[in-house]
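Asks: Chains as they are written, first to last, in this note's numbering: chain A, 108 to 379; chain B, 321 to 690; chain C, 808 to 1058; chain D, 3 to 236; chain E, 0 to 328. The C-beta atom is built at its ideal place from N, Cα and C for all residues, glycine as well.
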Amino acid sequence: MILYVISVGLSVTMGLMGFINLAHGVFAMAGGFILSTAMARFGLPFPLAVLVAFVVVSAGSIVLERLLYSRLYAAGELAQVLFSIGLILISMALARLVYGNLAAPVFLPDYLRGQVHILGRDFPTYRVFLIMFSALLIAALWFGVERTRWGAMVRAAVDNRAMAQSVGINTRQLFMATFALGSGLAGLGGALGADILPVQWSYPFEHLVYFLIVVAVGGLGSLRGPFVAALLIGVADTACKYWIPEFGAFLIYVATMAILLWRPMGLFGVRA
Amino acid sequence: KIGFITSYSGLNGNLGPYMERAVRLYIKEHQKELPPGVKIELITRDDTGPNPDKARQLAQELVVRDKVNLLAGVVFTPNALAIAPIATEAKVPFVIMNAGTAVITTRSPYIVRTSFTLWQSSYPLGEWAAKKFKTAYTLVSDFGPGHDSEEAFGKAFTAGGGKIVGAVRAPLQNPDWAAYMQRVKDAKPDCLMVFIPAGKTATAVMKNFADLGLKDAGIKLIGPGDITTDEELPNMGEVALGVITVHHYSAAATRPANKQFVADWKKEFGQNETPNFLSVGSWDGTALIFEMIKQQKGKLDAERSIEIAKQWRFDNSPRGPISIDPETRDIIQPEYLREVKKEGGHLANVEIETLGTAVKDPWKELQKKK
Amino acid sequence: MVASALETQQLCKSFGALTVADHIDFRLAPGARHALIGPNGAGKTTFVNMLTGAIAPSSGRILLGGEDITKVNQAARVRRGLGRTFQITSLFRKLPVLDNVALGIAERDGVAPRMWKPASKHKEIIDEAAHLLATLGLSADARTPVQDLPYGRQRLVEIAIALGLKPGVLLLDEPAAGVPSQDSGHVLDVLAGLPPDIAILIIEHDMDLVFRFASRITVLVQGQVLVEGAPQEIAADRRVRDVYLGEATHA
Amino acid sequence: MPDALRLSTVRAGYGETVILEDVALALPERGSLAVLGRNGVGKTTLLATIMGHTTFHAGAVFFGGRQVERLPVYERVRLGIGYVPQGRDIFPSLSVEENLIVAARPGKRWTLERVYDLFPRLAERRHHRGNQISGGEQQMLAIGRALMGNPALLLMDEPLEGLAPIIVEALLKSLERLLAEDELAVILVEQHAKLALQVTREALVMSRGRVIHQGASRELLADPERLAQLVVAQ
Amino acid sequence: MSGYTSDPRIRPQELLPWIIAIAAFFLLPEYLSLGARVLVYILFALSLDLILGYAGIITLGHSAFFGLGAYTAGILGAKYGVTDPFLQLLAAALAAALLGISTGAVILRTKALTLLMLTLAITSIVLEIANKASSLTGGADGLSGVQVAPILGLFKFDLFGRTAFIYCLVALFLGWLLIRRLLYSPFGAMLTGIRENTARMHAVGAPVYWRLVLVYTLSATMAGVAGALLTQVNQFVGLNVLGLEPSGDLLVMLILGGVGRLYGAFVGPVVYLIAQDYLAKQYPEYWYFGIGVLLVVVVLFARGGILGLVDQWWQALSRRSSSARASAR
Ligand SMILES: Nc1ncnc2c1ncn2[C@@H]1O[C@H](COP(=O)(O)OP(=O)(O)OP(=O)(O)O)[C@@H](O)[C@H]1O
Ligand SMILES: Nc1ncnc2c1ncn2[C@@H]1O[C@H](COP(=O)(O)OP(=O)(O)OP(=O)(O)O)[C@@H](O)[C@H]1O
Ligand SMILES: [Mg+2]
Ligand SMILES: [Mg+2]
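Shown next as structure tokens:
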């Protein structure tokens, strides 16, 4: 269920900017590792470490954007796919070199452990916290992107880059900032999720499918979409695993197919 | 010349190095015991995960081009199965150092296994659990070894008078365990038997187990040793305390042979590194290979080598005395009951009881009876 | 002979609350030279899109040669002889001009699904395409990729594709847009030279062209037919002047 | 009076391909220039070069006294150039109103209200997405969008295409008024030579990437034969 | 390439791959088993190029057909005693075609990311079925003991992979002939039309959707044959023939070689698989770093894949030589 925090970042880069960034998990992984390092090596408290993960990942992504990504905005989707797969492979090798084979250990502070009692059932505190946190995040982002001029400018730049410049938009700077935001969110998600989805060098590949599903089902170009999709898939998945565990593995794919056939643009998609 | 095939890349690429390191360590320490003039050349190959066609291609090349005298290694069952015909056709002994599905050794007369079968740990676990608990729930990954483990445990547990109140198979790639845990919690068994492939998924399971309050509800988490591999314990933290597993190897075992092994390992690869059951399988496998070489004075003949293997006993294994079953070419080894405890500030699988000193593969035993 | 080449009965379309086609009854006579004019956003393109099947009407019927084609899909309508050009040029940009036309001809002839004989050996298709290009003065560009042509010539390719389909009814959405006024005469000549049994419906804001070409004009305003009549009547109509032509009539 | 825009011996094109050869022109402040010529002679390329969308090979472009040919596109816009591209290039996923808002630059003359006044149709369609309006409405939006930047120089590439005669009339009228009242210079590329000549002071005819004639619009308007000769010349 | 203005005759350089393959057979006898693998992947990549490069259908689910073909051949050989290699191929082709037509008919109305996810979902579901139906497929342990009779009763699959190599080479050659023919035909031109401008294709009366289903099915059939070949060469089938990974690998190989060029499907797998094989032998734990760098470099410096780069060089070269000629005059 953590998937949506991570996927929100993806819906910024992929949905909003239209870059097929399969390497999104790389940024999430980086977030996780940074969190782990910050806590274990430098003894930072959890909230601060999460913040550090966000900041460092965005900063790092700016470098990557300038050096590599920015050359590929205009390239076709196939080139983007190939490029981001290449990036995944490189980052996996590097992560393995630096962090070794094992998952990075992450321990939550005590106030986030345990269960809370809601409506006569026990829910793990941390999950409840995550859901609330991401709902807030989405609300803030949604306001930022769909309700402000900034959001419209990003969408304009994606629709038609040359024309966006012709109305005075500095697309280069805009894309850089947006990309940094998207990646930073991925890093944030990776850090927050590290307890549930352990961060290891193979991370970017393992969860790729889930990210894609969430974004596709949610719909490109929409921020609410991935949130709702992640929640929906998360709940449906959990429910089905609970009631009919025999079909656990099929469910997510069958559900994806059903939703996409019903609404080919995704739940809230504006762009195909 | 040994052709060594294992998995270095892909989702389970972390497993290969545990095996290769053990082999290299053994060779390094025992090099001098070899007959004069004999040198071991280890040719390592990456099969990239459960990827039988790649494994087969590699084995073929090792045999045809590199002309290896022995094949060894292999994490995954399908890869071992795909290589088996090549071992047969090319008459090359094939020492399996991990892949644990019971049937493998029946697929080629040239296969010897020095690792384990899942039945070997899950069956005794079932027998033991039947004495302690009335009801059990099983949760396994939905693939071959998982099915083996579920079946072995179930057979032994019910034979011992226990009752399986529920069984569930989770997809191999499953990021979230909350739903399963809730299901288990609602079924209120005395214990939960879990088998999932070694690695970080196990950590996720542990955390979910604790987060959903199963531990507090008095459900005991048990399983074959894969769920609390020694290298993962630090990541699990407190939540793993008290988990009971049955396995043939624990890095925390106090046998002198093991202490030596672990110490050498740490010296060679760093203080934070611990060997695990893959390492031990490979270590002992290499010991077997050395035995073959020594007895034949460096000139390996396939049939002879297999004969030697069938007679092989090794009392000084880090896991205790082991031998090869001459009938099945499979390993006979002790199985231990372990509990996760804190030792010197670190979590460890502490052996609390030896369930059997020479456990044969129960599956093959059952097959024979039929 | 059937009474009308193309006909709509009570055709309606709305996008949400916005009604863009409001019970349109329209008849295109066989061999007609008919123009559809109206203010921006009156619903002309939408109307043509419904005729061709690119969008589905909310209600009403469309008849082609007397047969109801309301539910027939776009491609099948083309095969029944309904051709069109696009208001915004829609071509195979990277392909040579000849291929652009040949693809259409091959579809018409049913050659397109053939998988064995090389396309370039289908001489009948290529010859026909080349001939068509010659009549439009595009011969020299036959092997040039469309995207390298200036916009005006692209418009001609657009028309060439439509003609290659040998339609019985041809719908032209602003065919002369972007063509300089000096050259729009050429487009007009081409259209005038078409076989008289093809019924043509043209949408155009260039009144010179409309009044020279059309023998009948329909004025559409806010999804409704305001008037229909001969060019002189339309030019003289007060209401048409008010909503569309303005004072400086170019007729 | 300084020139609003001056080009001297400009060579530009797309990549290696050179389209414009030695183009020079000067446009005074509040001046207006019609650019005529057949299809493919480089009219669009000329405007695109002033905006900075082409590959610049040689020469210089001055705008309001500043040399701008090396500036990025958006900087030129911020200096006060507005652009109505051929083919409209509306942002399809933005609403009509958003299309206008993203282009807004500070300045007193043009606001949402004034654009809506000029094209009441756009106000009615303000919540439609860019790809949900008719061709003519898109054209109006493209013009409105350029005005929202409060430009000192407006480049218009066939802005009348697809507009109903009555709208054309209104637009030309307000253009004349703009030129008269506002501090605005205009370059107008148009296929309908007559209309273009009526509203502009100067005219320029291009052929194969070169300027082959430059003079007062009135003269050409008065001499249709010469006009036809120039424009057809290729 | 393809279309009404192109020359369908086989040019001399098009024979190059075959010359290289035959040379490899004699010069590199120790690498034939890798060679056979490469050939199988080329055939698989060709089938993908047909739909991706020519019809513009992007898919991450092509392994569904490959895998189905592989399992069909495998199950027939292991469980039903159908050991004739040609029969196995035929059955695999049929099964894949059937799956192609039935899934294609459902999903081909969608495009882009949606289509991508649908195809991915399909192969994942097929993978899950193969995993669950372990009595038939062997589940995660794989299907071993696949019997394949000698080809034409004469050529047995040997340990050195000679038979396998020639067998795959012949299959690939036939597949190539077929696809090449198809691409140069009006049908191929029509596919290009759909890729370039689908709306336009509708407007000239083409039943686009059915045409896509048709070409998808053809491609699926070919992928099925490739899968069956892999089974026959290995006499084993594992779950790794299904799911995201083989599809993704294939896509990478094809893009690496160059999409929509026919020969990109040759170059890509050769470069990718050989690079992988070589690097993995040198650096088993980190070889994918090298592959990653390769991909990034190709994207940055060779749009259109390796063949795209070759094209650019070729053009630059011929431009220079022609200008040299011009100045000499
Ligand atoms: N997809 C859509 N969703 C909502 N409204 C639409 C859509 N398409 C068109 N409209 C509206 O329908 C009206 C009619 O559009 P149409 O394109 O048919 O006009 P038109 O008569 O062709 O105008 P023009 O002469 O400017 O091309 C317009 O006001 C437009 O805003
Ligand atoms: N992006 C491009 N790349 C390469 N060449 C181009 C490009 N755009 C236009 N051209 C070429 O540049 C030349 C001039 O084109 P341009 O669009 O400037 O002409 P134009 O005078 O505006 O014509 P029109 O009246 O059709 O709009 C043409 O020959 C055209 O083929
Ligand atoms: Mg219109
Ligand atoms: Mg132009």
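Starting from Q817 of chain C and walking both ways along the beta strand (DSSP E), at which residues does that stretch end?
Replies: Counting along the chain, the beta strand (DSSP E) containing Q817 of chain C begins and ends at L813 to F822.
Asks: State the DSSP-derived secondary structure class of N101 of chain D, mapped to helix, strand or coil.
Replies: Helix at N101 of chain D.
Asks: Is S136 of chain D close to ligand 3? I mean its beta-carbon at under 7 Å from any heavy atom of the ligand.
Replies: Indeed, a heavy atom of ligand 3 lies less than 7 Å from the Cβ.
Asks: Should Q187 of chain A go down as buried or exposed, given a rule of 16 or more other Cβ atoms within 10 Å for buried?
Replies: It counts as buried.
Asks: Spell out whether any CB of chain B is found under 8 Å from the CB atom of D302 of chain A.
Replies: Chain B, which has a Cβ nearer than 8 Å to the Cβ of D302 of chain A, makes this yes.
Asks: Note down the Cα distance separating N418 of chain B from G601 of chain B, rounded to an integer number of angstroms.
Replies: C-alpha separation (whole angstroms): 6 Å.
Asks: Looking at chain D, is there any beta carbon in it that lies within less than 8 Å of the beta carbon of A1042 of chain C?
Replies: Cβ-Cβ to chain D under 8 Å: no for A1042 of chain C.
Asks: Starting from P154 of chain A, trace the alpha helix (DSSP H) both ways and give me its first and last residue.
Replies: F153 to L174 is the span of the alpha helix (DSSP H), which, as asked, contains P154 of chain A.
Asks: Using a threshold of 8 Å, state whether the C-beta atoms of P206 of chain E and V37 of chain E are closer than that.
Replies: Not closer than 8 Å, so no.
Asks: Given a cut-off of 8 Å, decide if L165 of chain D and Q141 of chain D are closer than it, judged by their beta-carbon atoms.
Replies: In this structure, L165 of chain D lies closer than 8 Å to Q141 of chain D by Cβ.
Asks: If you run the structure through DSSP and keep just helix, strand and coil, what is G307 of chain E?
Replies: In this structure, G307 of chain E counts as helix in the three-state DSSP scheme.
Asks: Determine whether the Cβ of T345 of chain A lies closer than 8 Å to any Cβ atom of chain B.
Replies: Chain B, which has a Cβ nearer than 8 Å to the Cβ of T345 of chain A, makes this yes.
Asks: If I measure Cβ to Cβ from W585 of chain B and keep anything under 6 Å in the same chain, skipping five residues before and after, which residues do I get?
Replies: Once the five neighbours on either side are set aside, the close Cβ partners of W585 of chain B are P595.
Asks: Would the beta-carbon of L390 of chain B fall within 8 Å of that of I322 of chain B?
Replies: Yes. Within cutoff.
Asks: Looking at Y271 of chain E and ligand 4, is the gap between the Cβ and the nearest heavy atom below 7 Å?
Replies: No, since every heavy atom of ligand 4 falls outside the 7 Å radius drawn around the Cβ of Y271 of chain E.
Asks: Can you find the residues in the same chain that come closer than 7 Å, C-beta to C-beta, to R108 of chain E, ignoring five residues on each side of it along the sequence?
Replies: Taken in chain order, the residues that qualify are Y208.
Asks: Say yes only if the C-beta of D159 of chain D is nearer than 7 Å to one or more non-hydrogen atoms of ligand 4, and no if none qualify.
Replies: Because some heavy atom of ligand 4 lies under 7 Å away, the Cβ of D159 of chain D counts as near it: yes.
Asks: Let's see if you can read the secondary structure: which residues bound the beta strand (DSSP E) around M513 of chain B?
Replies: Unbroken beta strand (DSSP E) run through M513 of chain B: C511 to F515.
Asks: Quick check on the burial criterion: 16 or more other C-beta atoms within 10 angstroms. Buried or exposed for P864 of chain C?
Replies: Counting Cβ neighbours within 10 Å, P864 of chain C comes out buried, since at least 16 surround it.
Asks: Mark N233 of chain E as exposed unless 16 or more other C-beta atoms lie within 10 angstroms of its C-beta, in which case mark it buried.
Replies: Classification of N233 of chain E: buried, given that the 10 Å Cβ count is 16 or more.
Asks: Taking C-beta pairs closer than 7 Å, name the residues in chain E that A182 of chain A reaches, listed in chain order.
Replies: Simply R302.
Asks: Comparing the C-beta of R173 of chain A with each C-beta of chain D, is any distance below 8 Å?
Replies: Cβ-Cβ to chain D under 8 Å: no for R173 of chain A.
Asks: Is the Cβ of L813 of chain C closer than 8 Å to any Cβ of chain E?
Replies: It does not; no Cβ of chain E falls within 8 Å.
Asks: Under 6 Å Cβ to Cβ from G211 of chain D, same chain only, skipping five residues before and after it: list those, please.
Replies: Around G211 of chain D: I21, L22, E23 and G44.
Asks: State the start and end residues of the unbroken alpha helix (DSSP H) segment that holds R116 of chain D.
Replies: L114 to L120 is the extent of the alpha helix (DSSP H) around R116 of chain D.
Asks: Using a Cβ-Cβ distance cut-off of 8 Å, determine whether A560 of chain B contacts chain A.
Replies: For A560 of chain B, the answer is no, since every Cβ of chain A falls outside 8 Å of its Cβ.
Asks: Report the option in B:T408, B:P413, B:W439 and B:E409 whose CA atom is closest to the CA atom of V423 of chain B.
Replies: Ranking B:T408, B:P413, B:W439 and B:E409 by Cα distance to V423 of chain B puts B:W439 first.
Asks: Run through DSSP, which three-state label would S866 of chain C get?
Replies: Residue state, collapsed to three classes: strand.
Asks: Beta carbon of V213 of chain A, beta carbon of L142 of chain A: below 8 Å?
Replies: Yes, these two residues count as a Cβ contact at 8 Å.
Asks: For A1043 of chain C, which residues from the same chain have a beta carbon less than 6 Å from its beta carbon, with the 5 sequence-adjacent residues on both sides left out?
Replies: Closer than 6 Å at the Cβ level, and outside the excluded window around A1043 of chain C, lies no residue.
Asks: Is it right to say Y3 of chain E is buried, meaning 16 or more other beta carbons lie within 10 angstroms of its own, or is it exposed?
Replies: By the 10 Å Cβ count, Y3 of chain E comes out buried.
Asks: Once the 5 residues before and after G975 of chain C are set aside, which same chain residues still bring their CB inside 6 Å of it?
Replies: Once the five neighbours on either side are set aside, the close Cβ partners of G975 of chain C are G888.
Asks: In its own chain, which residues sit with a C-beta less than 6 Å from the C-beta of A202 of chain A, not counting the 5 before and 5 after it?
Replies: Correct list, in chain order: W308.
Asks: Taking a cut of 8 Å between CB atoms, which residues from the region 193-226 of chain D lie near chain A?
Replies: So the list is empty, because no residue satisfies the distance condition.
Asks: What's the C-alpha gap between D955 of chain C and Y79 of chain E?
Replies: The straight-line gap from Cα to Cα measures roughly 60 Å.
Asks: Counting contacts by CB-CB distance shorter than 8 Å, is P108 of chain D in contact with chain A?
Replies: Not an interface residue.
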